[in-house]
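Here the structure is laid out as structure tokens; the discussion comes afterwards.
Residue numbers (the numbering used here), protein chains in the order written: chain L, 130 to 359; chain B, 21 to 234.
Set out below in structure tokens:
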């Protein structure tokens, strides 16, 4: 219902400790929990940013991570601990839009967009500069396959740089699997496996056994008697 | 050899295990073989300890690799293997905590099998699952079916992974080896890899061996 002729104010970044921000975060958290079907209360686990924009009222845009706590929603306990590391995969990356139309602190949640952090991170690949030429279809296929891979095998990387590195390796491995597939003389299917984000060298180091190839280390063994029974 | 044989159908193979990020495939290959041998001699399938080998086989290099031939010798010297429950797998080298009174299975010696795939098949059908090793390049990308990579992808002289051969047969006219891997049940076909049989693919015939239990 905004007046399109109304000049928009410039957004201003607010720090986590600035006056009023705590109240906005508490309000957002409360509204998030009201709208969620989860059994446990979820809390903001990481502050990313809050911006304030003066329009016909004040618009706050909040970006945070939200994670599960150990408290059931039905309990009245206010300070709840987060679940330990193993539940971090359930963390969501959320963007909220909160309005204060009256300028008197009466807040209204207008927008909420949350998605699992693991998947949200893969959106970053859209900007990854990989040599795809003009093949948009090929690029989209890679993004979808990689997203599916991350979800299926619960993969989480430590940084954007690491994620970018892994998506490039994943792409190279897809090509290798396609080559194997096209030249296989049996009936095998090759493709994405839980090792698809590892270089061949990493795979060899982590999972294989270089000593087997050191033929000089092999000590002689007695030969087995051949099978005899029908 | 019979046309096909599968020791899983005869109760000689324990469930698929997971070596984790540790090059201990040699330990899984050897314990799998001894589990089968012990079952055939005593009628009882035990799940035996790989961690005992990782920790106590001083000739091999734990997560950095090892050789089945050394592992058999180490088991003979130690006096046997504890069960998986008594000496649980952790996926990294620890100090040896083997306890002699907990030995659940022992071996008397070990043998090297023929390099002829037909003779290996006959030996397997008669004597139980076999410890083998192969070039695992194609295994990183394998999902299902019978794998038969070109030789350039699977140099038979570059052996880098030990596994357990539990059976063989034919699928839609393609002869295969059924291979128990140690990368968890979410690898390949329920943890198994099927490799073409009859062309010494990936060097599968190069290092077949077994423990002997009297």
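We put the CB at the ideal spot given by N, CA and C, even for glycine.
What's the C-alpha gap between residue i and residue j?
i, j, result
"residue 227 of chain B", "residue 135 of chain B", "8 Å"
"residue 222 of chain B", "residue 107 of chain B", "33 Å"
"residue 141 of chain L", "residue 39 of chain B", "52 Å"
"residue 117 of chain B", "residue 72 of chain B", "8 Å"
"residue 194 of chain B", "residue 290 of chain L", "44 Å"
"residue 157 of chain B", "residue 173 of chain B", "7 Å"
"residue 257 of chain L", "residue 159 of chain L", "With a pLDDT of 46 at residue 257 of chain L, under the threshold of 50, the predicted position of this residue should be treated as unreliable, and no value is reported."
"residue 237 of chain L", "residue 211 of chain L", "27 Å"
"residue 28 of chain B", "residue 163 of chain B", "20 Å"
"residue 273 of chain L", "residue 152 of chain B", "38 Å"
"residue 255 of chain L", "residue 233 of chain L", "A caution first: residue 255 of chain L carries a pLDDT of 44, below 50, which makes its placement in the model unreliable, though a value can still be read off. Going by the C-alpha atoms only, they are around 40 Å apart."
"residue 165 of chain B", "residue 312 of chain L", "14 Å"
"residue 147 of chain L", "residue 239 of chain L", "22 Å"
Can you pull the chain B neighbours of residue i, defined as C-beta to C-beta under 8 Å?
i, result
"residue 241 of chain L", "None at all; the shortest Cβ gap to chain B is about 34 Å."
"residue 309 of chain L", "158, 161, 169 and 173"
Pop quiz: residue i and residue j are said to be a contact at Cβ under 8 Å. What is the actual Cβ separation, rounded to whole angstroms?
i, j, result
"residue 42 of chain B", "residue 76 of chain B", "Incorrect: roughly 15 Å between the Cβ atoms, too far for contact."
"residue 201 of chain B", "residue 212 of chain B", "7 Å"
"residue 130 of chain B", "residue 335 of chain L", "That belief does not hold up - the Cβ atoms of residue 130 of chain B and residue 335 of chain L are roughly 28 Å apart, past 8 Å."
"residue 115 of chain B", "residue 88 of chain B", "Incorrect: roughly 23 Å between the Cβ atoms, too far for contact."
"residue 275 of chain L", "residue 296 of chain L", "6 Å"
"residue 128 of chain B", "residue 233 of chain B", "6 Å"
"residue 202 of chain L", "residue 162 of chain L", "7 Å"
"residue 125 of chain B", "residue 58 of chain B", "4 Å"
Specify the secondary structure class of residue i as computed by DSSP and reduced to three states.
i, result
"residue 174 of chain B", "coil"
"residue 139 of chain L", "coil"
"residue 95 of chain B", "helix"
"residue 183 of chain B", "strand"
"residue 300 of chain L", "helix"
"residue 140 of chain B", "helix"
"residue 192 of chain B", "coil"
"residue 149 of chain B", "coil"
"residue 257 of chain L", "Bear in mind that a pLDDT of 46 at residue 257 of chain L, under 50, signals an unreliable position, so the model cannot answer this."
"residue 211 of chain B", "coil"
"residue 305 of chain L", "helix"
So which residues on chain L does residue i lean against when the C-beta distance must stay under 9 Å?
i, result
"residue 207 of chain B", "322, 323 and 324"
"residue 86 of chain B", "338, 340 and 341"
Taking residue i as the query, report the chain B residues whose CB atoms sit under 9 Å from its CB, ordered along the chain.
i, result
"residue 345 of chain L", "By Cβ distance, chain B contributes nothing, its closest Cβ being about 11 Å from residue 345 of chain L, past 9 Å."
At a cut-off of 8 Å, would you count residue i as near the ligand SAM, judging by its Cβ distance to the nearest heavy atom?
i, result
"residue 347 of chain L", "No copy of the ligand SAM occurs in the structure displayed, which carries no ligand at all."
What residues from chain L crowd round residue i, counting only those whose CB sits closer than 7 Å?
i, result
"residue 25 of chain B", "Neighbours of residue 25 of chain B on chain L: none; closest Cβ ~11 Å, over 7 Å."
* Which of the residues in the stretch 160 to 180 of chain B, read from start to end, lie with their CB under 9 Å from any CB of chain L? -> Of all residues in the stretch 160 to 180 of chain B, only 160, 161, 162, 163, 164, 165, 166, 167, 168, 169, 170, 172, 173, 177, 178, 179 and 180 come within less than 9 Å of chain L when Cβ atoms are compared, listed by chain position.
* Can you give me, in chain order, the residues of the stretch 315 to 334 of chain L that have a beta carbon less than 9 Å from any beta carbon in chain B? => Considering only beta carbons, the part of the stretch 315 to 334 of chain L lying closer than 9 Å to chain B consists of 315, 316, 317, 318, 319, 320, 321, 322, 323, 324, 325, 327, 329, 332, 333 and 334, in chain order.
* Interfacial residues, the stretch 267 to 296 of chain L to chain B, with Cβ spacing under 7 Å -> Hits within the stretch: zero.
* Can you list, in chain order, the residues of the stretch 109 to 143 of chain B whose Cβ is nearer than 8 Å to any Cβ on chain L? -> Shown in chain order are the members of the stretch 109 to 143 of chain B whose Cβ falls below 8 Å from a Cβ of chain L: 129, 130, 131, 132, 133, 134, 139, 142 and 143.
* To do: With 9 Å as the C-beta to C-beta threshold (strictly closer), list the residues of the stretch 140 to 151 of chain L near chain B in chain order.
  => Per Cβ criterion, the list is empty.
* To do: Using a Cβ-Cβ cut-off of less than 7 Å, give me the residues of the stretch 347 to 359 of chain L that come near chain B, in sequence order.
  => Listed by position, the residues of the stretch 347 to 359 of chain L near chain B (Cβ gap below 7 Å) are 347, 348, 350, 351, 352, 353, 355, 356 and 358.
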